[in-house]
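Peer 1: Taken in order, these protein sequences are the chains called S and A.
Numbering-wise (the working numbering), the first sequence opens with residue 781 and increments by one.
Numbering-wise (the working numbering), the second sequence opens with residue 55 and increments by one.
Note that beta-carbon positions come from the ideal geometry of N, C-alpha and C, so glycine has one too.
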Amino acid sequence: MTKTPPVDDWATDYDIFDASYVKDPVPVWNELRDKCPIAHTERWGGSWLPTRYEDMQTFVRMVPALSSQDPLVVSQSKEEEAFDPILEEYGNSAPPITSDPPEHIPMRRLILPLFTPKAVEPYRPYAEQLCHDLIDGFIGTGKCDAALDYAVHIPAKTIAHVIGVDSERSDEFVGWVRGLIEEGMTDPVKRVKYRGILRQFFGELVDARKASPRGDLISRLLEQEIDGQPIARKAVVGMCNLLLVAGIDTTWSSISSALWHFSTHPEDRRRIAAEPNLFPSAIEEMLRFYSPVTMAREVTEEVQTGGVTFRTGDKVLLSFPAANHDPEVFENADRVILDRAKNRHIAFGIGSHRCAGSNLARMEMDVALRVWFERIPEFELSDPDAVTWAGGQVRGPRHLPFRFPV
Amino acid sequence: MRVKVNAEKCEGHNRCCALAPELFDVDDYGTATALNDGNVPPELEAKAKLAVENCPEFAIEYVRDAGKPSK
């Protein structure tokens, strides 16, 4: 990652890639919520950072004054536009996440039925078998990297299975997705490279399914129509791109964050191991406390709010993670309470862009944690200093060295 | 006790049907509806309260018999 100068004043010069912020952003949010509550920075192309739950609820509904056309936390720079050979053809388009009205709802309605609670349930046995197979691979050694040997594979292979692409290639997919939204966020050359690879891959796949449909997800998308017109190739490629990109880093982060929490909070670990009926509320609490995803909006009409003015072209970060720690809404917001009864968290975003894959993510988290606790109820970090976190668009642990009794 | 889902506010988080599948269902687009005309049997009142208090869209409310929303 590019080195940037240290932050002195978070209210006027924050850095979402600052190592201490990535590791533990909670103290910064608390300071800003009391002080601003909407911070600003010129770093990484410039942006605003609201921190209150109520502001996030308001901003998601300012459509299209706060547009979704570029939802990445760092905008593409002008230089990048100049050297990206596919930008003209595809732009940044990955509908429906990059869509505004009137395109948004019809696009979104193409994928929502694929991810209802009932639609994702048939993938549960696949995920369960996968989790057992992964654990079989390391349980005899008494150690593993829970982020890299376990958590990452669950969403990567499951979403590949759902889309109908070769799940044996999941390590490659993870590399592309990290290249695009993790390392690529601060490195435009990398971002362009991996976006190109993803477009190429899905472009070829969409053409192949068009030539000979297979009844899989891509073939089904190609059969759909909006207002009597087939969906443009570019849009189907963008949608596939979205499903893969949004389906990997996010849930990987959530599963890893939960495992990190239980490895460092033995009282919570013992409690959930003894009371598996707590999993549903505990998973929601993990989603609240360690919300991985920050989305962004681009200002298309001037907005005056909370003592600040968003001007056309400004970027506004929707820090759902910060909102989920707002003490105005959550009692003891900075404490994990496994059986928290009142939990209106917005880890999956809110408003018309609410995460379309949330039911799949929840099912994967449920399976990943239940199978882990069934097989490995006692575990701890073997080397706390070796833990690393990724941050920015998606925050979560990327190395988790664990040891456990054999 | 009676509950209702405000379809205008519901954005399909599906928290209600996860917490209280006896009381709520969702359609293909994730929009929730209260089952059984929103009537909550006494043994499910705690679950109904959970659904109300976990909805991120504030889309579920209690209904008085007169049809007026109550707190």
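(1) Kindly indicate which residue of PRO844/S, GLU952/S, VAL1151/S and TYR903/S has the alpha-carbon position closest to the one of ASP880/S.
(2) Using a Cβ cut-off of 7 Å, which residues of the stretch 1125-1140 of chain S contact any Cβ in chain A, in chain order?
(3) Curious, which full-length beta strand (DSSP E) runs of at least 3 residues does the stretch 71-104 of chain A contain?
(4) Any beta-carbon of chain S closer than 7 Å to the one on GLU97/A?
(5) In chain A, which residues lie with their C-beta within 8 Å of the C-beta of LEU892/S?
(6) For chain A, check one thing: does any of its Cβ atoms lie closer than 7 Å to the Cβ of PRO876/S?
(7) Residue ranges of each alpha helix (DSSP H) run of no fewer than 4 residues wholly in the stretch 1042-1130 of chain S, ordered along the chain?
(8) Can you tell me whether GLY84/A is buried or exposed? The criterion is at least 16 other CB atoms within 10 Å of its CB, across all chains shown.
(9) On the three-state DSSP scale, how would you describe ALA926/S?
(10) Helix, strand or coil, according to DSSP, for VAL954/S in the structure here?
(11) Pop quiz: PHE1182/S and LYS923/S are said to be a contact at Cβ under 8 Å. What is the actual Cβ separation, rounded to whole angstroms?
(12) Ignoring anything shorter than 4 residues or poking outside the stretch 960-1005 of chain S, list the alpha helix (DSSP H) runs there in chain order.
(13) Listing by chain order, which chain A residues have their CB less than 9 Å from the CB of ARG889/S?
(14) Can you name the residues of chain S whose CB is closer than 8 Å to the CB of ALA74/A?
(15) Helix, strand or coil: which one does DSSP assign to ILE885/S?
(16) In whole angstroms, what is the alpha-carbon distance linking VAL806/S and ASP1114/S?
(17) Hey, SER1071/S and PRO1107/S: beta-carbon distance below 7 Å or not?
(18) Starting from PHE1153/S and walking both ways along the alpha helix (DSSP H), at which residues does that stretch end?
(19) Rounded C-beta distance between ALA1121/S and LEU104/A? I'm assuming under 8 Å.
(20) I'd like to know if PRO1010/S contacts chain A, where contact means its C-beta is closer than 7 Å to some C-beta of that chain.
(21) Compare the C-alpha of GLN1173/S against each of LEU910/S, ALA791/S, THR921/S and ARG958/S and name the closest.
Peer 2: Here's the rundown:
(1) PRO844/S
(2) HIS1125, ILE1126, PHE1128, ILE1130, GLY1131, SER1132, ARG1134, SER1138 and ASN1139
(3) 78-80 and 86-88
(4) no
(5) GLY66, ASP82, TYR83 and GLY84
(6) no
(7) 1046-1054, 1059-1069 and 1100-1103
(8) buried
(9) helix
(10) helix
(11) 6 Å
(12) 968-991 and 997-1003
(13) ASP82 and TYR83
(14) Ordered by position in chain S, no residue passes the 8 Å Cβ test against ALA74/A, which lies about 11 Å from the chain.
(15) helix
(16) 8 Å
(17) no
(18) 1138-1155
(19) 6 Å
(20) no
(21) ARG958/S
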